[in-house]
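J.: Residues in the sequence shown are numbered consecutively from 140, following my numbering.
Glycine included, each C-beta is placed from N, C-alpha and C at the ideal position.
Predicted model only: the values in this text are computed from it and were never measured.
Next up is a structure, given as structure tokens.
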Amino acid sequence: AIVDADVMTPLLASIQQVGALLSTGEDTKDETVELACILLDLLWELCESSVAAVERFNAAGPAFPTSLAQLVCPPLSTAAPSVAASAAQCLHVLSEDNPQTGEIFKANPAALAAIHGVIADPSTPHLVSSLCAGTILNLGPEFRPADLPASLHRIFSAAMSQDHMEGLPQALSQVHAAAT
């Protein structure tokens, strides 16, 4: 119902405006970062649950994946990793069972190259590189760079070698503090 009420047009326009502010890496104020995360999370949640939302995204054309790809790349992935993670989640969700995303990336090789760069860069946050790798896998074999197996090994080895229980108490206290 919300997609039928045309929430997608202002949502996509707002993401592009906020993304343009953030993509330079200069405006990483807490308010701008929080707004970007909210908008990007809303986009992927709508697209996850609505074919009409995916169709509206596809209709936005090849410029929009470029905007998302810019948000997962440095300097933003370093300055505002939460935005990079939300943008990577959008790309991952939108590439899932959506062949038109592949066509959009074919029309925009710069966006595809940016995602390949994120996967290949060992300094990219693990969540962002994992989601970008999933995006490339979703797009299909023709989009996979030759070094993808080595990158996947590095990404998943690093993720598996961390003690995730070590940071759990701090994460829970942050969630609790945010909820109160």
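1. Does residue 247 come out as helix, strand or coil in the three-state DSSP assignment?
2. According to DSSP, simplified to helix, strand and coil, what is residue 176?
3. Compute the Euclidean distance between the alpha carbons of residue 155 and residue 311, then round it to the nearest angstrom.
4. Taking the C-alpha atoms as reference points, what is the distance between residue 271 and residue 201?
5. Going by other Cβ atoms of all chains shown within 10 Å of its Cβ, with 16 needed for buried, is residue 177 buried or exposed?
6. Could you round the C-beta distance between residue 157 and residue 175 to whole angstroms and report it? I think they count as a contact, below 8 Å.
7. Just the C-alpha distance for residue 161 and residue 249, rounded to the nearest angstrom, thanks.
8. Would you check if the stretch 232–250 and the stretch 273–280 touch, i.e. whether three or more CB-CB distances between them fall below 8 Å?
9. Looking at C-alpha atoms only, which residue of 220, 263, 240 is the closest neighbour of residue 295?
10. Sorted by chain position, which residues of the same chain lie with C-beta nearer than 8 Å to residue 151's C-beta, five sequence neighbours on each side aside?
11. Give every residue of the same chain whose Cβ lies closer than 6 Å to the Cβ of residue 229, excluding the five residues on either side of it in the sequence, and list them in chain order.
T.: On the basis of the coordinates in this document:
1. coil
2. helix
3. 32 Å
4. 17 Å
5. exposed
6. 5 Å
7. 18 Å
8. yes
9. 263
10. 182, 195, 196, 199, 203
11. 179, 182, 183, 207
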